[in-house]
Structures are given as C-alpha cells and as structure tokens.
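Notes follow once the structure below has been shown.
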Amino acid sequence: LARNPGEPEFHQAVREVVDSLKSVVARRPEYLEVFERLCEPERQIIFRVPWVDDAGRVRINRGFRVQYNSALGPYKGGLRFHPSVNLGIVKFLGFEQIFKNALTGMPIGGGKGGADFDPRGRSDAEVMRFCQSFMMELANHIGQYTDVPAGDIGVGGREIGYLFGQYRRITNAYESGVLTGKGLTWGGSRARTEATGYGAVLFAAEMLRTRGEDLDGRRVSVSGSGNVAIYAIEKAQQLGAHVVTFSDSSGYVVDQAGVDLALLQDVKERQRGRVADYVARRPGARLVTDGSVWSVPCDVALPCATQNELDAVAAVRLIKGGVRAVAEGANMPCTPHAVEEFRDAGVLFGPGKAANAGGVATSALEMQQNASRDSWSFEYTVERLTDVMTRIHANCLETAEEFGDPGNYVLGANIAGFTRVADAMLAQGVI
Ligand code: NDP
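Going by the UniProt record's numbering, the sequence shown opens with residue 12, and the numbers climb by one from there.
Given below as structure tokens:
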C-alpha cells in the first residue's frame, strides 16, 4: 500500500479483501502471489478533458480509466462524473468491480473510470460538449472486445447517449457493444435501468429467506435518490415493503405514509430536481438537512448513495432501531467499523460486490443481445437477472460455510470472486 499513497478508499477496499482471503491462501499458498499481481491494475489512463461552457469559457477536467483485470473478459465497469473523483476512488471502484464481475459468472473483466466533472447545474449542451471531449480520448482505449464502460454516479442515459454518439462519429462504426446502458431504440437492454436497484432488493430478500422472513410489510430505509435508489424503492414496494426514506447530498426525506414513487421519478428523472422538490409537492413528507438518514428506524436498510455514507455510529443506531438486514446498493457505502457492528449484532449484511452486481450482470446481458443483434423482453431479462442474483447469493452462502463462517456474506463474496479470477490468471501464465 506504500506504493499507492493518498488513496484511502483503495486501501480500504484492498484491506477488506485481504482479511477475507487468509483461509483460502492457507489452503492454496500460490494465491498470495496472484493477489499481489491482482492489486496492480493492468493499465491506468489519466487524461485532460478540455471543454467550453455556455459562457464561452474554457474549462479543464481530469478524465480516468483504470483497466484493472481482463483475465475473465473485456474490462467492464462504469464511468463516474462527480467532483470527488480521483485516481484512488477510481482504483477502489475498479478493484471491487473485478470480484463483482467474477461473481456474476459472466465473461467480464473489471475496470472503472470517470472524471472530476460535476454535471449538476450544467445545461444539456454543456454536458454534451463535456462527454464529446471525454470520448475523444477514451475512444482510443475502449472497444467491444477490449473495454466496455457503462454509467455510475452522474452518468445516466443522457450521458451514455452523448458518449455513444461521439464514439460512433470517431470510429465510423456502429459498434453497439462498446458501451452499456444505452437507450432501448439503439441497442440498450430492457431492465438495465432497473437492474442494480432490483438486484439489491432481490439479494436482501434472499438473505431474509434464510431466516424464514420476507420483505412483505417491512419498513425499509433507502439512501440516495438516483438510479439505484429509485429502482430499489420500486422493487421493495413490489415485494410489499413500506419504504420511508431517500436522500441526496442536501439532506434526507422521511415520508411515513410511504414513498410516492411516481412523484419521486417525476422530480428526479424528468425535472432533474432535488429531494426538496419532492417534499414541496408531497403533504406529510419531511426534509431533514442536519443528521443522518440512518437515524430513522427500519427493518431493512439499503444504502444506495455513495462510499462510506454509513459509519459505526449509524450502524449502532440502526441496530437499536431493530434492523434485520442491510444490502449495499452503492459501492462500499458501509465503513469497516459499521460492517463489524452488523456482524457482531447478527444483522444480515450483503456487501456491494454481491448485492449490487445485478447492474453489471444486466450490462453483460446487454452485450449478449448486441452480439446476437437481439432484443429481449423486459420479463425475460428480469428473469435472467433474478436467476443471477439467486446464484450469487447461494454462491456467497455456500463459500462462507465451506470456509467455516456460515452467514458471512463478505467472506463468501470475496473468496468466491477471488478464486474465479485467480484460477484464470494462474491458467494464463505470468502476464
Ligand atoms: P446517481 O448519480 O444516479 O445517484 C447518486 C445518488 O447518491 C444521488 O441521490 C446523489 O445525491 C447521492 N450522492 C452521491 N454522492 C453523495 C454524497 N457524497 N453524499 C450524499 N449523497 C450523495 O448514481 P447511481 O444511483 O447510479 O449510483 C449510486 C451508487 O450505486 C454508487 O455508489 C455507484 O457506484 C453504485 N452502483 C451503481 C450502479 C448502476 O448501475 N448505476 C451499479 C452498481 C453500483 P446528489 O444528487 O445530491 O449528489
């Protein structure tokens, strides 16, 4: 870790996996060398992104793509546009992505990218110019057999559209499989928009099932109000849950009557508004701007905003409030101390690399549809997603049991993901 100074999120992600691998390395010592190799990305690209704002001023941002590991398939992972993006954040996300993608059982390697660009408050024209400039460089490094980016924080359908348009223009080829998360009329997969949120809830339901419980009638707290949060709320409500919170960086909303999803979608997806705009139109809903969404008692917590948003203090509050299960819709939203608290209290805990793998799994289904020039129905795609989530859950559970810690999904996910990649790396030689 001394080789990577100033990258605390990356260190945190590596440490968590190392802790899980002790028992597997004791059985297979050759895995130690593979793990050291795996910590070093295969390629890291950092580039300047110049663009012109609506006032005619030249702006400069920094773009990243970390092509982490391609032992199982082309690099695959999202692009994040957020002012907090730096190399350490992209590396932590790319590192997690390797294991997540391995857990899906699909032929995809791990990568991640993005820029320290903040799309909030920018006009469509500014976002388009930024995306076009970003793609001018990124196009040199991606391709359907090389590296297939998707969305993440700040990168949704609008941004993927601008990126794809520019890629087509640069390459003069209709290479559908180069990006996922595309619009439905130009190569996108049905259910990709819903997949991450749906998958996280399906994972939570599977965890509860091991204790003979389900989501029906349960109080659910969600953080975030973006793509993952919205579709986690939708699936939880479909399964009979009563969802009472969501949030953004300005605060959290408590809606004891149950979140009005149609209103939330209107505010976020059509108006590109803030959570305060929901409260203004929803009698009885309350906006809290100081404090944590995790102070609201619930049976099931679904952190769907960003890394390290749920710390030990929040975990203890949730435990006191009677939380039964936590499934990470976001990447690494719970701090290591929070995870320890949940484990000690016997709370079911689904780590992001397992619980939020539904998004990338459906991206891989999008790649399959692009390769065969096919387009599947929503129902069939959700069936495939459900099958993937059920298998990931079973794999984590069985692996944790095999390595002597039943019910430890963190251990199960890390070992199951790692061994699939490590075996492929060993078979392919020192490269
Ligand atoms: P969006 O940009 O659609 O939404 C992000 C949400 O999180 C917004 O409500 C945003 O609020 C909030 N948020 C972001 N940063 C912060 C912060 N620092 N403090 C408080 N709130 C914050 O992103 P997604 O829903 O796509 O992604 C959410 C999480 O899920 C991320 O961790 C991402 O890596 C992960 N993920 C996403 C997948 C996908 O398919 N999209 C797949 C797997 C994981 P605000 O608008 O105020 O910034």
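The beta-carbon is built from N, C-alpha and C at its ideal position, and this holds for glycine as well. A quick note: this is a predicted structure, and the numbers were derived from the prediction, not measured.
Identity of the residue in the options nearest residue i by Cα
i    : options                   : result
A150 : G74, L195 and G167        : G74
D163 : L190, Q155 and A184       : L190
I57  : P344, D127 and A375       : D127
V350 : Y42, G172, M436 and A326  : A326
T204 : K123, G370 and V36        : G370
P61  : C142, G105 and E51        : C142
A382 : G340, E412 and Y185       : Y185
Q439 : V35, P40, M146 and L83    : L83
M218 : A356, N419 and K102       : N419
T221 : T401, F414 and G198       : T401
D301 : D30, S261 and G17         : S261
V96  : D271, Y209 and T317       : T317
D65  : V138, T410, G172 and G332 : V138
G332 : A341, P344, E320 and V304 : V304
E148 : E18, A372 and N72         : N72
F31  : V441, A435 and A424       : The identity of residue 31 in the sequence shown is Ser, whereas the question assumes Phe. The candidate whose alpha carbon is nearest that of S31 is A424.
C345 : E41, N183, P362 and R384  : P362
G154 : G357, R395, L396 and L174 : L174
S236 : L250, A273, G295 and A215 : A273
P19  : L43, A435 and N319        : N319
P130 : G165, A37 and R140        : G165
E394 : R229, P40 and L213        : L213
R59  : F257, K364, D355 and S144 : S144
E433 : G67, E44 and P294         : The sequence given here places Ala at residue 433; Glu does not occur at that position. Minimum Cα distance to A433 is reached at E44.
K87  : I442, E377 and F414       : E377
Residue i versus residue j: straight-line alpha-carbon distance, rounded
i    : j    : result
A240 : C407 : 24 Å
C315 : D259 : 10 Å
E390 : A336 : 27 Å
Y263 : A136 : 30 Å
R431 : A113 : 6 Å
A312 : A268 : 17 Å
V63  : R283 : 22 Å
I403 : V69  : 46 Å
F92  : E224 : 38 Å
R54  : V255 : 43 Å
E245 : S81  : 34 Å
L195 : R201 : 7 Å
D227 : Q248 : 9 Å
E280 : I181 : 29 Å
C50  : C309 : 37 Å
A366 : A211 : 5 Å
G199 : M146 : 19 Å
V233 : D271 : 13 Å
F353 : N342 : 17 Å
K33  : D416 : 13 Å
W197 : G172 : 9 Å
L437 : Y42  : 9 Å
P347 : L321 : 10 Å
N15  : V101 : 13 Å
P40  : K364 : 24 Å
E409 : Y178 : 42 Å
8 Å Cβ cutoff met for residue i and residue j
i    : j    : result
S306 : R292 : no
G121 : Y79  : yes
I119 : A375 : yes
V278 : V299 : no
R429 : V25  : As written in the sequence, residue 429 is Phe, which differs from the Arg given in the question. Their beta carbons are not under 8 Å apart, which means F429 does not touch V25 by this criterion.
G99  : F46  : no
Q23  : F106 : no
G188 : V159 : yes
V77  : P52  : yes
H253 : V231 : yes
T115 : A368 : yes
Y209 : Y242 : yes
A161 : G89  : yes
V358 : V324 : no
A215 : A338 : yes
Q380 : S386 : yes
G132 : G168 : no
A435 : M117 : no
I330 : A296 : no
F360 : V399 : no
Residues that DSSP places opposite residue i in a beta bridge
i    : result
D158 : Y86 and G154
T256 : S232 and V265
I56  : R76
I71  : P61
P314 : S234
L359 : A336
R91  : G125
R297 : V265
Chain C within 8 Å of residue i, Cβ atoms only
i    : result
A161 : This model lacks chain C altogether, as it is built from one protein chain only.
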